[in-house]
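Number of protein chains: 2
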Amino acid sequence: MARAAGVSPMTASRVVNDRGNVHEEARKRVLAAVKELGYIRNSTAGALRSPTATSWTVGLILNDVGNDFSATLHRAVEDVARPRGSLVLTASTDDSHAHMAHLVDEFWSRQVDGIILAPPPGDQHYLEASIARDAKIVLVDRPAVGVPLPTVMSDGYAGVRDAVEHLARHGHRSIAYLGDVRSPAMRLRFDGYVAGMLAAELDVTPALALAGIETFDDARDAVTSLHALADPPTAIITGRNRTTLGAVRALHDLGMQHHTALIGFDDLDLAPDLDPGLTVVSQDPRRIGRLAAEMLFDELDGDTTATRSIILPTTLIPRGSGEISGPGR
Amino acid sequence: MARAAGVSPMTASRVVNDRGNVHEEARKRVLAAVKELGYIRNSTAGALRSPTATSWTVGLILNDVGNDFSATLHRAVEDVARPRGSLVLTASTDDSHAHMAHLVDEFWSRQVDGIILAPPPGDQHYLEASIARDAKIVLVDRPAVGVPLPTVMSDGYAGVRDAVEHLARHGHRSIAYLGDVRSPAMRLRFDGYVAGMLAAELDVTPALALAGIETFDDARDAVTSLHALADPPTAIITGRNRTTLGAVRALHDLGMQHHTALIGFDDLDLAPDLDPGLTVVSQDPRRIGRLAAEMLFDELDGDTTATRSIILPTTLIPRGSGEISGPGR
DNA sequence: CTGAAAGCGCTAACAC
DNA sequence: GTGTTAGCGCTTTCAG
């Protein structure tokens with residue numbers, strides 16, 4: 200131990216942590232020893248004794264840290280954590296419920312100060328123990344029904360509803376939705392579609408309201424099938440990034456990209472550069488991450504004045520594909 | 200403490216860690232107490248005592264956890280870590296040298312078992328102490344000159360050189376490169392351009408070999424300027440994702456996307472769906488992450504047989520934009 | 001300004 | 001099968 204090198208046990212601690220009350224002489228000797236031995240403080244041991252125990256680490260558990268949306272949100276969380284001296288411990292759930300429950304335990308066992316969490320679909324039973332302990336948790340991206348935890352998410356319901364309205368205004372009467380209802384968040388988007396259709400006095404039919412489309416291939420196949428219909432839809436809304444990708448590909452392959460309107464949920468890098476440009480309902484993952492992290496740190500600081508759920512509006516960005524005219528009027 | 204609830208101190212440990220030698224009776228009582236009190240093991244305290252100290256956490260320090268490439272790499276690391284019981288602590292350097300040095304200390308102080316690191320440009324002095332301690336570090340994505348650490352990265356040199364050759368084969372003689380040389384990795388790509396030009400017996404001129412293009416706007420402006428030249432290049436290679444985006448935008452705005460050939464370094468989601476499809480030199484961030492993580496864990500297991508640097512080949516994916524013919528031959 | 005004693009939560013190494 | 005003792009690296013508290 201570095202102490203041996205210097206001469207003191209406790210004094211070293213004071214030096215390393217920049218507490219005052221250390222003679223300049225002693226300070227120098229300790230600092231020298233630190234450099235000499237390449238000493239690095241074990242912050243986990245320190246946190247053990249302190250009553251104000253802090254690991255200076257927060258947890259971030261998302262569906263998949265590898266996707267764009269998650270990555271941007273992750274970065275925003277880090278940007279809030281950094282100036283506060285915290286690091287971010289991460290993990291992906293792959294929407295697995297069992298896995299999530301396990302991760303939460305693993306995170307707490309590593310003494311993270313709080314967790315930002317995108318809950319997987321299913322019951323949120325596993326959170327009860329954490330809540331009972333008054334552990335700090337902020338939910339992001341998805342709602343968790345019946346769980347009294349603050350949540351920061353986009354208004355997917357209004358987002359999709361507005362997309363329907365946008366298409367209806369452009370004369371479309373036959374509008375398909377390609378999504379799923381596996382998670383509450385996706386269900387909200389689906390519900391937004393239904394609400395939008397009804398508001399525009401359009402029929403919701405099983406042939407067009409597709410709730411089992413989750414992958415790129417699902418979407419590509421669905422668009423192809425839809426066009427084989429006797430009376431194909433004139434507009435399509437996709438519920439998430441990878442299904443948008445599939446729909447774009449299919450429309451392109453069919454040569455229909457200038458004839459069938461398309462609005463995707465979530466933005467994509469090259470969306471403005473497609474022909475036609477891809478109209479999207481965009482979310483702001485940066486903002487979601489920032490707000491969630493700020494809320495978490497405020498709670499950790501004991502300031503719960505701002506602790507409440509936040510629903511962020513989405514933005515419809517018209518770029519062409521969503522403004523192709525339909526037959527209506 | 201949960202022990203109070205049961206009856207034993209040490210026995211609880213045995214139960215929680217599934218060591219044997221515990222009477223079924225006692226086991227049950229402990230388990231009950233655990234559930235009752237919502238007890239969660241403090242794994243950091245355990246690691247303190249054990250000689251085989253393991254935090255079951257590895258560090259991942261990248262340029263920016265928010266970008267696509269990093270996110271994919273991150274996920275691959277997690278996928279290797281998960282079955283081995285480890286979690287991933289992350290951070291971004293923003294290519295800041297000072298920040299990186301600080302992060303490395305912070306990571307070690309949190310007792311991570313090893314670190315996977317994309318070194319920022321500049322001298323790698325700050326790694327010396329870690330190396331001296333024989334701490335486990337694997338470098339990714341970028342080379343670190345003069346540092347005896349295993350590295351997993353793409354062969355950017357060959358990737359860009361091959362792109363030049365590809366364009367030359369399609370009749371281009373005036374090929375521009377839009378990149379920078381701030382980091383060794385970017386310099387390698389630049390050098391690959393020069394090598395490719397020379398191999399094709401083409402001139403490398405300051406007007407076309409641009410080494411100060413880092414952002415979207417840099418690239419967009421550069422492409423616009425290049426086309427204002429008396430004798431504009433007939434082909435362009437961009438050195439990284441965001442500059443590719445800028446070049447695509449500029450070409451599109453100029454209406455030149457079918458006339459000027461373009462090859463981007465790094466793939467993009469919608470690249471196949473552009474008109475023309477975007478030809479790219481693609482890397483495999485998943486593979487980089489996986490290999491680096493496997494190497495790290497092998498080292499942690501004391502198996503250094505596979506510890507060596509790996510240069511992964513890139514793949515040129517022709518999709519149209521890189522196959523536009525030039526004037527040559 | 002400095003140190004000694006005690007203990008954070010847990011587990012090796014021994015007893016019993 | 002179980003408990004005891006000691007100690008991981010650090011910090012609190014309190015006495016010099």
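Protein sequences appear in the order of chains A and B. Under the working numbering, think of the first position of the first sequence as 200, with each following residue one higher. Under the working numbering, think of the first position of the second sequence as 200, with each following residue one higher. Glycine included, each C-beta is placed from N, C-alpha and C at the ideal position.
By the 16-neighbour rule on beta-carbons within 10 angstroms, Leu-428 of chain B is exposed. Under the rule that a run must span 3 or more residues, the beta strand (DSSP E) segments found entirely inside the stretch 449–504 of chain A read 460–464 and 478–481.
For Ile-436 of chain B, the secondary structure class from DSSP, reduced to helix, strand or coil, is strand. Only exposed fits Ser-249 of chain B, as fewer than 16 other CB atoms lie within 10 angstroms of its CB. Of the other Cβ atoms in all chains shown, 16 or more fall within 10 Å of the Cβ of Thr-513 of chain B; this residue is therefore buried.
Checking the DSSP bridge columns, you'll see Asp-379 of chain B partnered with B:Gly-411.
Taking a cut-off of 8 Å on C-beta distances, the stretch 388–403 of chain A does not touch the stretch 211–229 of chain B, as fewer than three cross pairs fall below it. C-alpha of Gln-456 of chain A to C-alpha of Met-494 of chain A: approximately 43 Å in a straight line. According to the DSSP assignment, Val-337 of chain A belongs to the beta strand (DSSP E) that extends over 336–339. In the DSSP assignment, Val-276 of chain A falls within the unbroken alpha helix (DSSP H) covering 267–280.
The three-state reading of DSSP puts Gly-258 of chain A in strand, counting E and B together. Distance between Ala-246 of chain A and Thr-243 of chain B, taken at the CA atoms: about 9 Å. Shown in chain order are the members of the stretch 231–259 of chain B whose Cβ falls below 7 Å from a Cβ of chain A: Gly-237, Ile-239, Arg-240, Asn-241, Ser-242, Thr-243, Ala-244, Leu-247 and Thr-256. Contact residues of the stretch 444–466 of chain A toward chain B are Leu-444, Val-447, Arg-448 and His-451 (C-beta to C-beta distance below 8 Å). In the displayed model, Ile-330 of chain A falls within a helix according to three-state DSSP.
Below the 7 Å Cβ cutoff, chain A contributes Gly-237 as neighbours of Ala-328 of chain B, in chain order.
Taking C-beta atoms as the reference points, Ala-399 of chain B and Val-363 of chain B count as a pair closer than 9 Å.
The C-alpha of Ala-375 of chain A is placed about 6 Å away from the C-alpha of Ile-436 of chain A. Only buried fits Asn-440 of chain B, as 16 or more other CB atoms lie within 10 angstroms of its CB. In this structure Ala-418 of chain B is not in contact with Ala-275 of chain B, their Cβ atoms being roughly 28 Å apart against a cut-off of 8 Å.
For a Cβ distance threshold of 9 Å, nothing in chain B lies close to Arg-213 of chain A: the least Cβ distance comes to about 17 Å.
A straight-line Cα-Cα distance of about 51 Å links Leu-499 of chain B and Thr-433 of chain B. For the pair of segments examined, the stretch 317–327 of chain B was found to touch the stretch 288–302 of chain B: the number of CB pairs separated by less than 8 Å reaches three.
Here Gly-525 of chain B is buried. Its C-beta has 16 or more other C-beta atoms within 10 Å.
Rounded to whole angstroms, the gap between the alpha carbons of Leu-387 of chain A and Val-279 of chain B is 34 Å.
At a cut-off of 9 Å between C-beta atoms, Arg-281 of chain B counts as an interface residue with respect to chain A.
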